[in-house]
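Visitor: Sharing a structure with you now.
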Amino acid sequence: MILILTSSGWRANKKVKIMFSGMLRKIQKNVSEVRVLLISISDAKEKKNLLSYHIHELRKLGIRKENIEFLTNVEVPKSNDFDVIYVCGGNTYLYMHRLRKTKWDRKIKNLSKKKKLIYFGISAGSIIAGKWINIASLGKNPDKNIVGLRNMRGLGLVPYCILPHYSTEDEKEIREYERKIKCKVIRIREKRSSNLQNLGSLYHKKD
């Protein structure tokens with residue numbers, strides 16, 4: 026599995042889009058045949074705008090609209106097999122709640138065993154890929170646990186916690202979190218361009 030975890034996708038840094046496009050070629054099938062699960066859990070108005078944007082961006086890469094399925098507040102995908110899991114931002118707790126309710130947390134874990142699967146996360150979509158999701162409550166704009174979630178485990182696709190939108194101002198709070206929960210935190214800045222890990226994204230390949 027290939028993971029590309031970001032703070033704001035390629036809106037903040039076009040190099041992330043170049044990286045994603047490059048990873049698509051590693052799937053070893055024509056881009057027009059690539060199947061995408063697009064996950065967006067948000068209110069109706071925001072969801073419509075977000076979905077339109079992300080569908081447009083994926084189609085610009087050559088992915089066909091009919092090959093994109095959705096997991097939203099009300100929709101669930103008909104298929105169980107995808108080449109790309111594309112998870113948007115929003116409230117982290119709401120995302121995890123919806124994934125568990127639809128059993129897609131387990132399905133994503135099963136799909137992650139595919140070497141050619143791409144998991145692309147934006148903000149909350151990056152956090153849930155990690156070991157624990159309550160890290161979403163850190164920082165200047167913390168997520169509220171609006172669904173009363175008790176189980177704070179993430180998908181565990183990587184063996185550490187993921188913090189997008191990282192600022193050095195949050196460092197003291199993050200270190201205390203690491204000490205308390207005994208889990209390394211991968212800090213992802215909003216946008217950088219010096220190397221892969223500082224593109225505003227974390228690139229990680231998992232065999």
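Counting with the working numbering, you get residues 26 to 232 for the letters of the sequence shown. From the three backbone atoms N, C-alpha and C, an ideal C-beta is built for every residue, glycine too.
1. Name the DSSP beta bridge partners of residue 34, please?
2. Here's the rule: buried if 16 or more other CB atoms are within 10 angstroms of the residue's CB, otherwise exposed. What is residue 117?
3. Could you tell me the alpha carbon to alpha carbon distance between residue 161 and residue 55, rounded to whole angstroms?
4. Could you check the C-alpha separation between residue 43 and residue 212 for me, to the nearest Å?
5. Along the chain, where does the alpha helix (DSSP H) that runs through residue 146 open and close?
6. Which whole runs of the alpha helix (DSSP H) in the region 49–131 are 4 residues long or more, in chain order?
7. Using the Cα positions of residue 205 and residue 196, report the straight-line distance between them to the nearest angstrom.
8. Using a Cβ-Cβ cutoff of less than 7 Å, which residues in the same chain neighbour residue 105 once the five nearest sequence positions on both sides are dropped?
9. Within the chosen definition, does the region 123–132 reach the region 80–90 through at least 3 CB pairs nearer than 8 Å?
10. For residue 219, does the three-state DSSP call read helix, strand or coil?
11. State whether the region 84–93 contacts the region 49–68, with contact taken as three or more CB pairs (one from each stretch) at a distance under 8 Å.
12. Can you tell me whether DSSP reads residue 185 as helix, strand or coil?
13. Using a Cβ-Cβ cutoff of less than 7 Å, which residues in the same chain neighbour residue 67 once the five nearest sequence positions on both sides are dropped?
14. Cutting at 7 Å between CB atoms, please list the residues of its own chain near residue 174, excluding the five before and the five after it.
15. Could you check what DSSP says for residue 175 in three-state terms: helix, strand or coil?
16. Should residue 189 be labelled buried (16 or more other beta-carbon atoms within 10 Å of its own) or exposed?
17. Hey, could you find the ends of the alpha helix (DSSP H) residue 206 is sitting in?
18. Are there 16 or more other CB atoms within 10 angstroms of the CB of residue 78, so buried, or fewer, so exposed?
19. Going straight from the alpha carbon of residue 47 to that of residue 172, what length do you get?
20. Need the endpoints of the beta strand (DSSP E) that residue 211 sits in, please.
Guide: Here's the rundown:
1. DSSP lists no partner for residue 34.
2. buried
3. 36 Å
4. 21 Å
5. Careful: residue 146 lies outside any alpha helix (DSSP H), inside the beta strand (DSSP E) at 143–147.
6. 69–85, 117–127
7. 14 Å
8. 132
9. no
10. At residue 219, the pLDDT of 26 sits below 50, so the modelled position is not reliable; the number obtained from the coordinates is stated separately. Here residue 219 sits in coil by DSSP.
11. yes
12. coil
13. 75, 115
14. 118, 121, 122
15. coil
16. buried
17. 196–206
18. exposed
19. 37 Å
20. 210–214
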